[in-house]
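What follows is a short report on a single structure.
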Ligand code: 6PG
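In the working numbering, the protein residues as written are 1188 to 1418.
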């Protein structure tokens, strides 16, 4: 499958537009928009722009999950949930029950198991064996990791579960992360990557010359887009 590669010098505007277009299409076709948020710093400006330009988007038809989470409480500065809350969740009229937070304050294996069960229940309501996101956002780190799928870590080999706890030696800590089976089940996966220092890795991935974790994302029956914040 050939990925769609988009370059932008207006990252927040183009990222928000991509999300909104996906949302309107999903709601028109299936009456619900299921999106997984990526963490880190890059997407915050996109989320702010999304909230600011959402117009009449019916937020009660939006379901929000998180592609990964640090094993910290939701008020910790490291929390991806806190980043999303500050960036846009606190500013939009989305029903709290539509935002599915990974409970990073729990022991990692319990947080992963709880989220796995939550996604299994939600998927069953759509008659799905595996919960299928309409749009699954991903970032990429300078080592080619995505979500919390870091090079050399155990989660890379998970082929059954959707969500696992993953020990990350470089940080000497656990993360909770989506796995490739869940990521690749999405209708549309979009990497949103900014920062010229990441360009060489992205170029290697797009030319098929690299086996970074981000390079193994390949939707089974969906689209793959790279939105790149450089010309
Ligand atoms: C996380 C993210 C991670 C992130 C990349 C890029 O929890 O850190 O999910 O995969 O997307 O590390 O992060 P930046 O946008 O901060 O560079």
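Each residue gets a CB set at the ideal place from its N, CA and C atoms; glycine is no exception.
Item                                                                                                                 : Value
Nearest to residue 1191 (by Cα), restricted to the options 1382, 1368, 1376, 1408                                    : 1376
Proximity below 9 Å, CB of residue 1382 to CB of residue 1229                                                        : yes
Cβ-heavy atom distance, residue 1229 to the ligand 6PG, below 8 Å                                                    : yes
Contacting residues, own chain, Cβ-Cβ under 8 Å from residue 1367 (five flanking each side not counted)              : 1336, 1343, 1345, 1346, 1403, 1404
Cβ pair count under 8 Å reaching 3, the region 1265–1284 against the region 1209–1222                                : no
Closer than 8 Å: residue 1267 CB and nearest the ligand 6PG heavy atom                                               : yes
CB of residue 1350 within 9 Å of CB of residue 1340, strictly                                                        : no
Inter-stretch contact at 8 Å, needing at least 3 Cβ pairs: the region 1275–1292 / the region 1237–1249               : yes
Run of the beta strand (DSSP E) containing residue 1196, from where it starts to where it stops                      : Residue 1196 -> no beta strand (DSSP E), and no H or E assigned at all.
Paired residues, beta bridge with residue 1250 - DSSP                                                                : 1221
Per-residue DSSP class, three states only, for residue 1293                                                          : coil
Residue burial classification, residue 1320 (beta-carbon count within 10 angstroms, cutoff 16)                       : buried
Coil, strand or helix - residue 1417 by DSSP                                                                         : coil
Where residue 1188 falls, given that 16 or more other Cβ within 10 Å makes a residue buried                          : exposed
Sequence-distant residues of the same chain with beta carbon closer than 6 Å to residue 1232, five excluded per side : 1199
Residue 1353 - DSSP class collapsed to helix/strand/coil                                                             : strand
Secondary structure of residue 1367, DSSP reduced to three states                                                    : helix
For residue 1244, three-class secondary structure by DSSP                                                            : coil
Rounded distance between the beta-carbons of residue 1326 and residue 1409, thought under 8 Å                        : With 8 Å as the limit, residue 1409 and residue 1326 do not qualify as a contact, their Cβ atoms being about 18 Å apart.
Exposure label - residue 1250; buried when at least 16 CB within 10 Å                                                : buried
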